[in-house]
Structures are given as C-alpha cells and as structure tokens.
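Presented below is the structure to which this report refers.
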Amino acid sequence: MYELKETDLTQEAYRQVLDRLFDICDTVSFAVLPKKMMGQTQTLYSLLQELEPYLREVVHMNGTRTNSFDSHISVPNYYYCTCPASKQVIMRAADSLFRWQQPSLPEDLSFLRKGEEYFVTNAHEGYAMLFAEDKHLLELGGTKWSRID
1 MYELKETDLT
11 QEAYRQVLDR
21 LFDICDTVSF
31 AVLPKKMMGQ
41 TQTLYSLLQE
51 LEPYLREVVH
61 MNGTRTNSFD
71 SHISVPNYYY
81 CTCPASKQVI
91 MRAADSLFRW
101 QQPSLPEDLS
111 FLRKGEEYFV
121 TNAHEGYAML
131 FAEDKHLLEL
141 GGTKWSRID
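Rendered as structure tokens:
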C-alpha cells in the first residue's frame, strides 16, 4: 500500500493520475454527506446530474470509503462506471484530487477495480492511498509516494 500526501502531487500530475485510473479501473466513487453535516451547493447537484447516466448504484453506509460516522448517520456513496464521458465530467469538476470536498464537490473521490479498492482519497485530511503495485502511477513525475505497511 502506498500513500500520497496533498503536497506530493503537482497539479500537472493530477490529470495523469486520473487518466491512468480511468484506464484501469471500472468504477469511480464518492460520497455526499448529509445536508445537516455539510452544506450542499448547486455545483454539487449539477455534478450529480451530469453523472447520472453513468450511475451504477447508490449505497447508503455510515460513512465514506475513508471515514466512518455514528451508526445513525446514513451517507449515500455513489458508484459510477468509468468511461470516456464520465471521465470528462470528473476531469472538468476539479483541478486537484484534494478539491473533492463538500460543499462544492462530493467527498473522497475513489476508484475500484473488479470490486476492490484501488485508489482512495481523503481530501479534507490531504492524503490518498494506492492499494496496488501500479508502476505507472508510482513512477509518475510530479508524485511522491510513500510505502506503508
């Protein structure tokens, strides 16, 4: 497992990271925190509408892929297919992995491959995790990965 901190990803590398993730993963995911926890904006709603044709499912959990909340809190986690059209929407939405935070955008952009976590972010904490030995990502210029066990 590898960790990438916010300060270890250049803006130029962001697009290359997303290009790679959209190429090898089959699902992109994020969570929308309840309105009572975090305000929501028109930008967030517009993004959800744009991505609606690519929606696979919404799973209500007591947190996001990287955070757990009290058991009485239900958080919708959205799962979308990765395709050229969904990639365009995601790429236009933000210029950094760590901008994926409410109220403007959903929380914790993540990628799955064959149902398994491949890459997850915790934007408000400023880190991302890579769960695979992906040489392309690990050797990508503009990134500094730290191996953690």
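In terms of this note's numbering, the sequence shown opens at residue 1 and continues consecutively.
Glycine included, every Cβ here is placed at the ideal spot set by N, Cα and C.
Since the model is a prediction, treat every value here as computed from it, not as a measurement.
| Query | Result |
| --- | --- |
| What's the C-alpha gap between I90 and Q101? | 13 Å |
| Write down the C-beta distance between D26 and K135 rounded to the nearest angstrom, noting that I regard them as a contact closer than 8 Å. | Their Cβ separation, rounded to whole angstroms, is 20 Å, which puts D26 and K135 out of contact at 8 Å. |
| Is it true that the stretch 14 to 34 meets the stretch 80 to 97, where meeting means three or more beta-carbon pairs spaced less than 8 Å apart? | yes |
| Please identify the residue among S146, A123, M129 and F111 whose C-alpha is closest to the C-alpha of I24. | F111 |
| If you reduce the DSSP assignment to three classes, tell me which class K135 lands in. | helix |
| When you compare the stretch 117 to 136 with the stretch 52 to 63, are there three or more beta-carbon pairs, one atom per stretch, that lie closer than 8 Å? | no |
| What residue range is occupied by the uninterrupted alpha helix (DSSP H) comprising K5? | Run containing K5: none in the alpha helix (DSSP H); it sits in the beta strand (DSSP E), Y2 to L9. |
| Since P103 and L48 should fall inside the 8 Å C-beta cutoff, what is the C-beta to C-beta distance between them, to a whole number of angstroms? | About 13 Å separates the two Cβ atoms, so there is no contact after all. |
| Could you please give me the residues that DSSP links to M61 through a beta bridge? | V75 |
| Three-state secondary structure (DSSP) at K87? | helix |
| Residue range of the alpha helix (DSSP H) that L51 falls in? | Q42 to L51 |
| Ends of the beta strand (DSSP E) at A31? | T27 to A31 |
| DSSP has M113 in a bridge; who is on the other side? | The amino acid occupying residue 113 in the given sequence is Arg; Met does not appear at that position. Answer is E116, bridged to R113. |
| With burial defined as no fewer than 16 other Cβ atoms inside 10 Å of the residue's Cβ, what is the status of V120: buried or exposed? | buried |
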